[in-house]
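The numbering of the sequence shown is UniProt numbering, which starts it at 1 and goes up by one.
Virtual Cβ for every residue (Gly too), placed ideally from N, Cα, C.
Beneath this line is the structure, given in structure tokens, with notes to follow.
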Amino acid sequence: MSGYYPLMVNLVGRRCVVIGGGKIAERKVNGLLESGANDVLVVALEASGGILELSAKGSIRLEQRAYKEEDLVDAFLVFAATNVRQINQSVASHGARLGLLVNVADKAEEGVFISPSTLRRGGLLLTVTTGGASPALTAQIKQELAKQYGEDYAQKVEMLGLLRERMLLRGSFDSFRHEVLRKAAEQLAGNNIDVEVDTFSPSQLEAYIDQWMIQLQQNVDRRQR
Numbered sequence: 001m002s003g004y005y006p007l008m009v010n011l012v013g014r015r016c017v018v019i020g021g022g023k024i025a026e027r028k029v030n031g032l033l034e035s036g037a038n039d040v041l042v043v044a045l046e047a048s049g050g051i052l053e054l055s056a057k058g059s060i061r062l063e064q065r066a067y068k069e070e071d072l073v074d075a076f077l078v079f080a081a082t083n084v085r086q087i088n089q090s091v092a093s094h095g096a097r098l099g100l101l102v103n104v105a106d107k108a109e110e111g112v113f114i115s116p117s118t119l120r121r122g123g124l125l126l127t128v129t130t131g132g133a134s135p136a137l138t139a140q141i142k143q144e145l146a147k148q149y150g151e152d153y154a155q156k157v158e159m160l161g162l163l164r165e166r167m168l169l170r171g172s173f174d175s176f177r178h179e180v181l182r183k184a185a186e187q188l189a190g191n192n193i194d195v196e197v198d199t200f201s202p203s204q205l206e207a208y209i210d211q212w213m214i215q216l217q218q219n220v221d222r223r224q225r
């Protein structure tokens, strides 16, 4: 199998079309919404309970009817996720003719891209794929990553992002800033967070990050002397 190029795509304002309404299609839809997609069209004769619920909430647009080639007009990403081989093949063919990025659930080689298995921890996104060679190995590696990178990593990433913003505002020198941020990441990666920063008010969080930044800067400064 040929290689794939890893890519992070901004889906805000870009139409994503999912053909199919079963559990596989539902997983595709949920993945799109988790990634920030806000223009999702689902076309299916029948839809799962989850898809119907998302449609009722206005999170997606659902059209319960047969697929037609015109459904792909203005699409950015297309997912062929029905349980009918001929329909998925038609979606792939139509998408190729229009030069679209198409994912084919039951025959990856007919599409342009594949969706890796993902693990989200807030701003941290880990992806795993074997290029379709071994879904079982992909699942096993994902389980191992889930144990290694627990739910607390969402908070850790948020704290590191806020620290970086504060240091940029202070205009710290590049080399010093990089060393402080490296030290902060090293510190958080190996330890549990002893406070619930998600319960802080904006001013409390700002004060906490500032105090942490001062401590880190002092530690780095002492080491560089």
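First and last residue of the uninterrupted alpha helix (DSSP H) at residue i
i	result
Ala80	Counting along the chain, Ala80 falls outside any alpha helix (DSSP H), though it belongs to the beta strand (DSSP E) covering 77-80.
Leu100	Where Leu100 is concerned, there is no enclosing alpha helix (DSSP H), given that its DSSP letter is neither H nor E.
Ile19	Run containing Ile19: none in the alpha helix (DSSP H); it sits in the beta strand (DSSP E), 16-19.
Asn191	Here Asn191 belongs to no alpha helix (DSSP H), and DSSP marks it neither H nor E.
Tyr138	Note that residue 138 is Thr in the sequence shown here, rather than Tyr. Here the alpha helix (DSSP H) through Thr138 covers 135-148.
Ile51	49-56
Ile24	23-34
Paired residues, beta bridge with residue i - DSSP
i	result
Arg61	Leu41
Limits of the unbroken beta strand (DSSP E) element including residue i
i	result
Ser117	117-121
Thr127	124-128
Beta carbon of residue i nearer than 8 Å to that of residue j
i	j	result
Val9	Val40	no
Asp74	Arg15	yes
Leu145	Leu124	no
Val180	Val220	yes
Gly50	Glu26	yes
Asn103	Ile87	no
Met167	Val197	no
Check: residue i C-beta below 7 Å from any heavy atom of the ligand NAD
i	result
Gly50	As presented, the structure is devoid of all ligands, the ligand NAD included, so that no description of it is given.
Whole-angstrom C-beta distance between residue j and residue i, which should lie under 8 Å
i	j	result
Leu11	Ala44	No, Leu11 and Ala44 are not in contact; Cβ-Cβ is about 20 Å, not under 8 Å.
Val29	Ile60	6 Å
Ala80	Leu62	That pair is no contact at about 17 Å.
Coarse secondary structure for residue i, derived from DSSP in three states
i	result
Leu11	coil
Lys156	helix
Asn83	coil
Pro6	coil
Gly171	coil
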